[in-house]
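Here the protein sequences line up with chains A and B, keeping their order. Residue numbering for the first sequence follows the working numbering, starting at 1 and increasing by one per position. Residue numbering for the second sequence follows the working numbering, starting at 1 and increasing by one per position.
2 protein chains.
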Amino acid sequence: MVQELAMSTSYKAALLAEYALVAQVFSAPGRLMILEQLAQGERGVDTLAEKTSLSVANCSQHLQQLRRAGLVTSRRDGKAVIYRLTDAKTLDLMDLIRIVAERNRAQVAQILRGLSDGMDAPEPVSRADLAARLADGTVTLIDVRPADEFAAGHIPGALNVPLSELECLLPDLPPDAQVVAYCRGPYCVYAHQAVTALRKLGIDARRLEGGFPEWREDAVKCLRDGRLLNPDAAQHAV
Amino acid sequence: MVQELAMSTSYKAALLAEYALVAQVFSAPGRLMILEQLAQGERGVDTLAEKTSLSVANCSQHLQQLRRAGLVTSRRDGKAVIYRLTDAKTLDLMDLIRIVAERNRAQVAQILRGLSDGMDAPEPVSRADLAARLADGTVTLIDVRPADEFAAGHIPGALNVPLSELECLLPDLPPDAQVVAYCRGPYCVYAHQAVTALRKLGIDARRLEGGFPEWREDAVKCLRDGRLLNPDAAQHAV
DNA sequence: ATGTTAATCAAGTGATTGATTGAATCAATA
DNA sequence: TATTGATTCAATCAATCACTTGATTAACAT
């Protein structure tokens, strides 16, 4: 039994080391950026390096740490090596890290307040609400990501309006329009900023809860359940 | 607008640094052990040092990292400084780290198989199942933690049987008894080992999903909802 | 073959981390 | 007030990490 106790501590130490290793993977801002990009879809190394403004070599090294931890897998496509997330749960973990940070670290709340620039940010719109509103046609949905990411996939019915072109949207907008903005996900600040900018102009703008990856997860789930969340289809259904 | 984009990246960098910092706190086995202990209830520094077999100074330093990250708070009780978790969500985060590790790292699955020592471990018992079974009286619930932790709080109806005293349980056990074992929580291996040992002796033993902290969380929730999960009370209700 | 592009590897640097030791601080009590 | 015991701070060391640079491998095109 003494032997078993000793075994116990060694097993425990090994497990704790494994858990710590997984946590460590999320403890570098660069890797969080990479994971955020991979959440949008599979990407090559140079694309990731460009989007995260890391050097290619550095990005590659981060990717291999992620692979060693089992969080990403790669395949070859010609000269390119394409990486993708192995498990959607990874995104849940990232989101929970964010939630714990927001709840327990005053600094985070302060930064988020800074993003709304003095205005009180309205509650985000839930994905279910968005689907209903899109079906009604009572809302304008804008995708605030760069054009290439929009092209690689977006919520049906969304307009691609990168932050720098926000003003171009205004002329086509009725004054009482309700705008919902989304971007890469919970880590991305584009939608925050778009909402703040639009509200400064007196427009009723709100943020979508989560971003494109979260919406897609929901959509996949709903399709699996035989229901429809796809707003284009929903319009016909309603 | 260019200025806003620059702002965007600086805000984003600040947020990512915050998230990375929270993740980093979970990236040391020693801190995970401390958090597991604090999940059971508030503890003083020397108790934590003893339970985790860390030096007092080292433990204190870890605790201050945890405090800097906002995950624990402290109060003074006489000469002692008592630490406690500020947020129950922290436990959810630890559990999700464990789940991601189990799903994506083969090594973890291998270690867990090693814990069952060749036998195929049965599915854990859910907490709802346990409540029902306890009410029926068709199950023997054992708490495999050290006596002092049992004394500081345990599931009503549980017998305290530390691993080293597992054999003492046998004489009082009918041969067809169903045993459910629990310990500190998902990070703890005591219950795994108790189940393996008992099953080797031909006893129908299973592990409770989670551990004492998770059960308590559930119990608190149920009390808040006006329902009753407390098995002692449930026995009267049924 | 040769060159090109994409990704990885290898080595080195500066900064950070976890742990140890011993001294300093603090609150309660004699 | 002085003492005691519990905790924290400070200095240190070895190990690790993120990142850079330059060389190397791999797939494809000419």
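For each residue, glycine too, the CB sits at the ideal point set by N, CA and C.
Which whole-angstrom value describes the C-beta separation of residue i and residue j, a residue pair presumed to lie in contact below a C-beta threshold of 8 Å?
i, j, result
"D143/A", "A158/A", "4 Å"
"V239/B", "L85/B", "Missing from the structure shown is residue 239/B; chain B here goes from 1 to 238 and no further."
"H192/A", "S126/A", "Wrong, their Cβ atoms sit about 17 Å apart, outside the cutoff."
"R206/B", "V220/B", "That pair is no contact at about 24 Å."
"Q153/B", "C188/B", "According to the sequence displayed, residue 153/B carries Gly and not Gln. At roughly 15 Å, the Cβ-Cβ gap does not stay under 8 Å, so G153/B and C188/B are not in contact."
"R105/A", "E36/B", "At roughly 21 Å, the Cβ-Cβ gap does not stay under 8 Å, so R105/A and E36/B are not in contact."
"A89/B", "R103/A", "Correcting the residue type first, residue 89/B is Lys in the shown sequence and not Ala. About 6 Å separates the two Cβ atoms, so the contact holds."
Considering only the alpha carbon of each residue, which of the options lies closest to residue i?
i, options, result
"I82/B", "I34/B, T196/B, T9/B", "I34/B"
"E50/B", "D148/B, R224/B, Y187/B, P122/B", "D148/B"
"Q24/B", "E42/A, A39/A, Q107/A, A101/A", "A101/A"
"Q40/B", "P175/B, L201/B, A151/B", "A151/B"
"G78/A", "A106/A, A109/A, G44/A, L15/A", "G44/A"
"A121/A", "A128/A, T47/A, A109/A, L130/A", "A109/A"
"R199/A", "L166/A, E209/A, D218/A", "L166/A"
"P124/A", "D204/A, L91/A, L66/A, K89/A", "D204/A"
"A197/B", "P162/B, P174/B, P186/B", "P162/B"
"W215/A", "I155/A, N160/A, P174/A, C168/A", "I155/A"
"R133/A", "T47/A, R113/A, L208/A, D218/A", "L208/A"
"R145/B", "D176/B, R184/B, K89/B, I99/B", "R184/B"
"P213/A", "S74/A, L91/A, N160/A, I99/A", "L91/A"
"T9/A", "I111/B, Q107/B, C168/B, N160/B", "I111/B"
"I99/A", "Q107/B, I99/B, D87/B", "D87/B"
Use the C-beta contact count for residue i: other C-beta atoms within 10 angstroms, 16 or more gives buried, fewer gives exposed.
i, result
"M119/B", "exposed"
"R224/B", "exposed"
"L15/A", "buried"
"G202/B", "exposed"
"L170/A", "exposed"
"C59/B", "buried"
"R76/B", "exposed"
"A131/B", "buried"
"P186/B", "buried"
"P175/A", "exposed"
"M1/A", "Summary for M1/A: the model assigns pLDDT 43, below 50, so the residue's position carries little reliability; its value from the coordinates is reported in the next sentence. Counting Cβ neighbours within 10 Å, M1/A comes out exposed, since fewer than 16 surround it."
Once you ignore the five residues that flank residue i on each side, which residues in its own chain have a CB closer than 7 Å to its CB?
i, result
"A69/B", "L21, V22, V25"
"L38/B", "V72, Y83, R84, L85"
"D95/B", "P186"
"D46/B", "V56"
"E42/B", "I82, Y83, R84"
Going along the chain, which residues of its own chain have a beta-carbon closer than 8 Å to the beta-carbon of residue i, five neighbours each way excluded?
i, result
"I97/B", "F26"
"H62/B", "A28, G30, R31, I34, L54"
"Q65/A", "V25, R31"
"C168/B", "V161"
If you drop the 5 nearest sequence neighbours on each side, which residues of the same chain put their C-beta closer than 6 Å to that of residue i?
i, result
"S74/B", "V81, Y83"
"L48/A", "I34, Q37, C59"
"Y190/B", "V144, L163, C183"
"R67/B", "none"
*Taking one C-beta from the region 29-43 of chain B and one from the region 51-62 of chain B each time, how about it: are there three or more such pairs within less than 8 Å?*
Touching, yes, given that three or more Cβ pairs across the two stretches are closer than 8 Å.
*asked:* For the pair the region 129-144 of chain A and the region 179-187 of chain A, tell me if three or more CB-CB distances fall below 8 Å.
replied: Note that the region 129-144 of chain A touches the region 179-187 of chain A; at least 3 beta-carbon pairs, one per stretch, sit closer than 8 Å.
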